[in-house]
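Below is one structure, written out as structure tokens; comments come after it.
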Amino acid sequence: MRFTYNPRIIRQLGYDLITSDEVAITELIKNAYDAEAKKVDISLYSSSEDIKFQTLVQPVPDKIYKLIEENSSQSLIVIEDDGKGMSYDTLKLGFFEVGSRIKRDERDSSSNEEKEKIILGDKGIGRLSAQRISPILIVETCVENGSQIDIIEVNWNLFIDNIGYDAPEYKADKKDKKDKKAYTRLWLIGDINRNVKLDNYYEEKEEFAVEDLFGNQGESIGKFLHVTDDLNTALSFLYSPFEEKKSVIDLNIFFDNKEVKFNFNYQALKLAESIHSFDSEIVYDAEKTPVDIKFKLQLSLNPWFIERIHHSELGKVLYQDWKREHTEYKTIYEKYRDHYASNLNRTYLFTELFPNLSKISGDKNTEKYFIYAISAIAPLIGEIHTFKRDNTLMSMARESAIANGYIGSNISIRSDIRPFLKCHNGIKLYRSAFRIGTIGNKDNDWLKLQQKRTSGQQFYRFELGNVIGFIKVNDSNQKYIYETSSREHLTDNFHVAALRMVLNKIMEIFSPGFTKKAVEITKYILDLEGWLPENSDKQIEREVDKSKETLEAAKQNIKAIQKAISAVKDNIDLDTEQKRESVKKIFTELEPSVLNFEENIEQTNKAFKSANTLLAVAQQVQSRVKTEAYNNYKLMANGLVTEIITHELHSLLSNSDKEAKIYDTHFKTIEDYFLDNELYAINKDHFAPIKNKFQHLFTRMADLDKFYSFLEKTFITKEGNEILEPVDVENELDVISERFKFRFKRHKIDIDCSSIKSTWDVPKGSLLHVFYNLIDNSIYWIRERQKLARKDSFYEIEGKDKIKISSVSASSIQFSDTGTGVLEKYKHSLFNELESGKENGRGMGLYIVRQFLKSFGGEIELLPATNYYGNQYIFEIRINGADGNDD
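Position one of the sequence shown corresponds to residue 1364 (the numbering used here), numbered consecutively onward.
Here's what the structure looks like:
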């Protein structure tokens, strides 16, 4: 039995499968590219009457005029290219064979260089998209050096209704016999029942003179024809916004012989405030077999990113007084460029990103399969440019870009930037310089960026409407990555699955990872440079004291003025010399008070301004406190769950020693039975393992009971941290050291707390958490140095590793160790939540330490001193108002 085909399949593969007229146009342009065209002209005509065809390159055969007239079209579209044209056989085997392989066959039989040429349309159904545009298609084509033109008239409805229908064929001679050029021209014509909808392709827009530096719009310079946003987006497959050169096809669009503009303003891309980028490199073994993939990720910034963070930290009120010139933000960026680069630049191996692939899948070769799948389409390259669409922030970015010489003042937000963002937003998928389908359009969130914004830290995540990006794969022959026939999705296969998996991981590292780190580094720099105001209690006290002094002086001046007014009133008639002299004397005495009064008014105004500034600072601080409080609530919720689990464990562990002795008796009885009955194999192979496992479990449970005793000291009740207790710091360190005794011994680490003799007033249990986290971190980074030393003698040390905790003063102590120290990329963000340098670390330890200390007036700082490896390694803890002594 053989398959048969209903002619309706022609409509389903063309009109129904192609989702829009704009996509249909691009399918026809792709055919022109595959035919090696260098130029494509699209001419839109509102009427077929008296067409002069001024924009057409090749003369129009008389037969074409007759066919247009017979079909009574009121509007039509002509697509003309200078490609290699089609012979009669090519028309028959290529154009009119659905699913034709002719393009692939031509390439496979060509030279190696030509084989690498990308074929944009290889499914053999692209020309069926013409149905979407018009009910009638006339194909006019001629090969190079050909003297005759082949013309085919395609009425789609007749094909669909009649399986045996033959399209009429015509021949025409070239009007210019000397013209030997090849070309193809497609006539898309409407009929009485269905007209061609030209308004899908162009619209009239009013243009304005470029706005000034402050964003004020210029005067109208008239109305011009532009392609619609949808067509502009569809045509972007030919024009990558990331390559400042025109496409290999020179594309021109006309309406009634007038030029229609389309926007590919590459300058607008320079207005991005940050650029996340990555590339990849295959790692081979000695046999040239791919064994891993190396991914290099980095984030680069523009000065207006720093300006935006400054604006955000200050708020609208303070920003007016504290903002700097646009060029100053560039200066500060240049000053810290290397620091940004070192912190926002990471290299990962595929095996590091996905360490448990084979274990999770249960197939030891899974990792190998994925590495092969990625290496087949490598190198992977990508860039993601982020913008802010808010009017204020976009204007700020534009002004800064102009002031710092990134763009010219002729770039307009309204005419250039917003249209560019609207057409190109999203992360597109490319093969070489050409897009793959409509993957990454504004309604095609193939990387699920918006969905990820609901998973937390949304302020640092990519927002689909604010990014323009590309992912480029190396698959010129379309063997691994290709779109579905509708051009809207990727065809599922193992390579696509591997690509999605890698990109999802990279997107997560980029955003929130890199973005959050860039924000935190910028805040640190702004604070370091003194660009953020402080709002201390002492400042407020000074302002209050000044106000009191000013008020008291004003009272004295008012009394003097009241006395003068009474005296003048008593001598108001001035009828004697004595009265006149008395009034003069009064005014003479009054003059200093008046001057003082004026000065007091001026001082009062200054005090009001200072108070307003302090209030604005307080409001910004309050905003930050709210964010910090939210994070603390989340920590507290986790802590409550931990406390419940701990109490439940304790109830199981409280009698563990007694129960262990009882079960020892049970085990002894069973063991004696097996031995007495010479059941040696059962005892050895089955009973002994159960007994040993049970005893090990009880030993660990007893250890957990001790750990509960340690944690129980840190639980607080209703009074919270308001109750401060005198705590012997040395004793707290002894408690912690006992907890770590086994790990110290195993990793050959000494701890030196001999100089600690202080007593601090702190909340119950707080120092246990602080010291526990710091010592745990020290052990981890000492272990990292020990691992490195096995491979590199540079990391070897003399003697045993050491953790040193020493007093600096009664209110401060310092932690240091012989580990690697704090790596450069973490030194400004190590106290932030979710920031960890450990493999699989949660990034909460040092954040909790800082929060604990801040809650009762303490602080922790990473000191600038560096160790032998060039990394900072000393932490200093200070407790305000601590009462203690040092020996």
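Just so it is clear, CB atoms sit at the ideal spot from N, CA and C, and this is done for glycine as well.
Just so you know, these numbers come straight off a predicted model, no measurement behind them.
Check, Outcome
"Pro-1742 in three-state terms, based on DSSP", "coil"
"Alpha-carbon to alpha-carbon, Arg-2109 and Thr-2183", "19 Å"
"The stretch 1541 to 1553 in contact with the stretch 1437 to 1449 per 3-pair CB rule at 8 Å", "yes"
"Nearest-angstrom Cα separation, counted from Lys-2217 out to Ile-2168", "20 Å"
"Collapsed DSSP secondary structure at Asn-1840 in the structure displayed", "coil"
"Separation of Asn-1595 from Ser-1583, as counted between CA atoms", "23 Å"
"Gly-1745 vs Lys-1835 beta-carbon contact at 8 Å", "yes"
"Short Cβ contact (8 Å threshold) for Glu-1892 with His-2191", "no"
"Extent of the continuous beta strand (DSSP E) run through Val-1502", "1499 to 1505"
"Cα-Cα separation, Val-2212 to Tyr-2189", "16 Å"
"Short Cβ contact (8 Å threshold) for Ile-1723 with Asp-1838", "no"
"Nearest to Ile-1774 (by Cα), restricted to the options Tyr-1823, Leu-1812, Leu-1632, Ala-1704", "Leu-1632"
"Cutoff 6 Å; reference Asn-2243; Cβ partners in own chain excluding five residues on either side", "Gly-2220"
"Secondary structure of Asp-1539, DSSP reduced to three states", "coil"
"Neighbourhood of Gly-2233 by C-beta, 6 Å cutoff - its chain only, sequence neighbours within 5 removed", "none"
"Exposed unless 16 or more other CB atoms sit within 10 angstroms - verdict on Arg-2148", "buried"
"Three-state class that DSSP yields for Pro-1422 in the structure shown", "coil"
"Nearest-angstrom Cα separation, counted from Tyr-2026 out to Leu-1866", "54 Å"
"Lys-1659 - containing alpha helix (DSSP H), residue span", "Careful: Lys-1659 lies outside any alpha helix (DSSP H), inside the beta strand (DSSP E) at 1653 to 1664."
"Where Ser-2174 sits in the DSSP three-state scheme", "coil"
"Extent of the continuous beta strand (DSSP E) to which Thr-1547 belongs", "1546 to 1552"
"Thr-1694 (DSSP reduced to helix, strand or coil)", "helix"
"Expected contact under 8 Å - CB spacing of Ile-2045 and Phe-2037 to nearest Å", "6 Å"
"Rounded C-alpha distance that separates Ile-1616 from His-1858", "38 Å"
"From Ile-1790, Asp-2124, Ile-1638, Cys-2116, residue whose alpha carbon lies closest to that of Asn-1807", "Ile-1790"
"Collapsed DSSP secondary structure at Phe-2134 in the structure displayed", "helix"
"Identity of the residue in His-1689, Tyr-1711, Ser-2117 nearest Asp-1655 by Cα", "Tyr-1711"
"Cβ distance (whole Å) where Leu-1664 is taken to contact Tyr-1703 below 8 Å", "6 Å"
"Three-state secondary structure assigned by DSSP to Gly-2233", "coil"
"Where Met-1999 falls, given that 16 or more other Cβ within 10 Å makes a residue buried", "In this predicted model, Met-1999 has a pLDDT of only 49, less than 50, meaning its place in the structure is not dependable; the value taken from the coordinates is given anyway. Its Cβ having fewer than 16 others within 10 Å, Met-1999 is exposed."
"is_contact[Gly-1745, chain D] using C-beta, thresh 8 Å", "Here chain D cannot be found, since the structure has a single protein chain."
"Proximity of Ile-1612 and Tyr-1396 at Cβ, strictly below 8 Å", "yes"
"Neighbour-count burial assignment, Gln-1421, 16 or more Cβ in a 10 Å radius", "buried"
"Three-state secondary structure (DSSP) of Lys-1455", "helix"
"Opposing strand residues paired with Gly-2182 [DSSP bridges]", "None; Gly-2182 has no bridge partner."
"C-alpha gap between Gly-1725 and Ala-1860, whole angstroms", "18 Å"
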